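Note that the sequence shown covers residues 3 to 230 in this note's numbering. Remarks on the structure that follows.
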Amino acid sequence: MEVRNIVILTGAGVSAESGLATFRGPDGLWEGHRVEDVCTPEAFARDPALVHQFYDARRARLAEVEPNSAHHALARLDAEWPGELLLVTQNVDDLHERAGSARLIHMHGELTSGWCLACNNRFPWAGEMNASSSCPTCTAPGMVRPDIVWFGEMPYAMERIEEALQRCDLFVSIGTSGAVYPAAGFVQTARYRGARTLEMNLEPSQGSYFFHESRIGRAGILVPAWVD
Ligand code: BV8
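Here it is in structure tokens:
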């Protein structure tokens with residue numbers, strides 16, 4: 003089958019070799035907290051300082067890391083691929099765009115973005131965020147939250163993602179455990195549509211069964227080998 007339209011899904015495993023922790027690693031905990039307990043609107047309502055601390059630490063870490071060879075290979079593909087290509091990332095780091103990927107969607111939000119609950123605007127955010135942070139648009143203090151999709155919240159750009167999945171000939175999943183929906187269901191949508199499906203991951207994921215092909219190994223090795 004000729005491949006014209008590609009959808010690529012990435013997860014925390016793509017950023018692991020840049021030094022960013024994955025979610026469900028050996029302990030799957032962050033400072034003793036289960037990620038699922040910190041990434042929810044309820045957690046934010048209950049203890050905003052804890053949730054701000056979780057994201058402040060990760061936002062600060064961004065300044066210390068660089069894109070790796072997997073990010074750069076995907077950016078090369080984005081620049082050179084003549085057909086449709088959409089990179090959907092579950093990651094909230096900015097390593098794909100820093101490597102040069104342009105046809106990119108952050109379905110779970112971004113560490114470098116803030117969201118004002120008073121005026122509903124979103125805006126670039128660097129540095130710490132806390133209960134006294136003011137919105138740069140409406141100047142309301144204490145109404146800014148991380149622009150992150152938490153459990154129970156609707157991921158961004160789902161219509162655009164579904165359209166791309168319906169049109170794709172090739173679906174590639176890289177560095178994700180397949181633990182979180184709706185992202186974990188994308189492979190089934192693509193396969194049902196007749197697309198070829200390829201997974202690259204350090205270990206079999208929860209969705210490996212649905213892929214025509216699974217390549218086991220490090221993204222930093224497998225992705226450039228696939229792209230180039
Ligand atoms: C929604 C915030 C509906 C951002 C995150 C039961 C069944 C089905 C669904 C559900 C269910 N119960 C609840 C749900 C829904 C829920 C869900 O899926 N829960 C799971 C736990 C069952 N999903 C949601 O709530 C989603 N929203 O469904 O909304 C709705 C409808 C209408 C109206 C309103 C709402 C929202 C999901 C988003 C949650 N936010 N995080 C952040 O803080 O970062 S999820 C979190 O997990 C991250 O975003 C992360 O991206 C995501 C997935 O994790 P991975 O990226 O896969 O990372 P992980 O550590 O798990 O795995 C890394 C992999 O890499 C590993 O396999 C490892 O082997 C590999 N690896 C490591 N190193 C390397 C490597 N691979 C290659 N090379 C390496 N070097």
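From the three backbone atoms N, C-alpha and C, an ideal C-beta is built for every residue, glycine too. The model shown is predicted, which means the values in this text are computed figures rather than measured ones.
Three-state secondary structure (DSSP) of residue i
{"i": "Val-174", "result": "strand"}
{"i": "His-98", "result": "helix"}
{"i": "Pro-43", "result": "helix"}
{"i": "Val-16", "result": "helix"}
{"i": "Phe-25", "result": "coil"}
{"i": "Leu-232", "result": "A query on residue 232 cannot be resolved here, the shown segment of the chain reaching from 3 to 230 and no further."}
{"i": "Arg-48", "result": "helix"}
{"i": "Val-5", "result": "coil"}
Cα-Cα separation, residue i to residue j
{"i": "Phe-56", "j": "Ser-179", "result": "21 Å"}
{"i": "Glu-130", "j": "Leu-89", "result": "28 Å"}
{"i": "His-54", "j": "Asn-7", "result": "39 Å"}
{"i": "Gly-209", "j": "Phe-25", "result": "17 Å"}
{"i": "Arg-78", "j": "Ala-14", "result": "20 Å"}
{"i": "Arg-61", "j": "Leu-22", "result": "11 Å"}
{"i": "Leu-64", "j": "Val-94", "result": "10 Å"}
{"i": "Ala-185", "j": "Leu-87", "result": "17 Å"}
{"i": "Glu-155", "j": "Tyr-183", "result": "11 Å"}
{"i": "Gly-222", "j": "Arg-169", "result": "28 Å"}
Of the residues the options, the one placed nearest residue i, counting alpha carbons only
{"i": "Leu-119", "options": "Glu-130, Ser-135, Val-37 and His-110", "result": "Ser-135"}
{"i": "Asp-58", "options": "Glu-66, Asp-49 and Ala-128", "result": "Ala-128"}
{"i": "Ala-166", "options": "Gly-85, Gly-154, Ser-103 and Gly-111", "result": "Gly-85"}
{"i": "Met-109", "options": "Gln-92, Gly-116 and Asn-122", "result": "Gln-92"}
{"i": "Phe-153", "options": "Val-40, Val-16 and Gly-34", "result": "Val-40"}
{"i": "Leu-106", "options": "Trp-228, Val-5 and Thr-12", "result": "Thr-12"}
{"i": "Asn-123", "options": "Arg-147, Val-16 and Gly-219", "result": "Arg-147"}
{"i": "Met-160", "options": "Gly-187, Thr-141, Gly-144 and Ser-175", "result": "Gly-187"}
{"i": "Gly-116", "options": "Glu-99, Ser-175, Ile-150 and Leu-224", "result": "Ile-150"}
{"i": "Gly-177", "options": "Leu-76, Arg-100, Met-145 and Ala-51", "result": "Leu-76"}
{"i": "Val-229", "options": "Arg-100, Arg-220 and Asp-80", "result": "Asp-80"}
Proximal residues to residue i (C-beta, below 7 Å), its chain only, five neighbours per side dropped
{"i": "Ser-20", "result": "Val-67, Glu-68, Pro-69, Asn-70 and Leu-97"}
{"i": "Phe-212", "result": "Val-189, Gln-190, Arg-193 and Thr-199"}
{"i": "Thr-139", "result": "Cys-118, Cys-121, Asn-123 and Phe-125"}
{"i": "Pro-50", "result": "Ala-133"}
{"i": "Met-145", "result": "Cys-118, Leu-119, Ala-120 and Cys-137"}
{"i": "Ala-104", "result": "Asp-80"}
Own chain, CB closer than 8 Å to residue i, minus 5 neighbours either side, in chain order
{"i": "Val-5", "result": "Gly-85, Asp-171, Leu-172 and Arg-198"}
{"i": "Val-225", "result": "Val-16, Ser-71, Ala-72, Ala-75, Leu-76, Ile-176 and Met-202"}
{"i": "Arg-100", "result": "Glu-68, Pro-69 and His-73"}
Minimum Cβ-Cβ distance from residue i to chain C less than 8 Å
{"i": "Arg-105", "result": "The structure shown contains no chain C; it holds only a single protein chain."}
Own chain, CB closer than 6 Å to residue i, minus 5 neighbours either side, in chain order
{"i": "Val-174", "result": "Ile-10 and Leu-200"}
{"i": "Ala-18", "result": "Thr-24"}
{"i": "Val-37", "result": "Phe-25"}
> What are the start and end residues of each continuous alpha helix (DSSP H) run of 4 or more residues lying completely inside the region 128-213, in chain order?
Replying inline: Listed in chain order, the complete alpha helix (DSSP H) runs (minimum 4 residues) inside the region 128-213 are 160-169 and 188-194.
> In chain order, which continuous runs of the beta strand (DSSP E) of length 3 or greater are located wholly inside the region 61-116?
Replying inline: Complete beta strand (DSSP E) runs here, min 3: 87-91 and 106-108.
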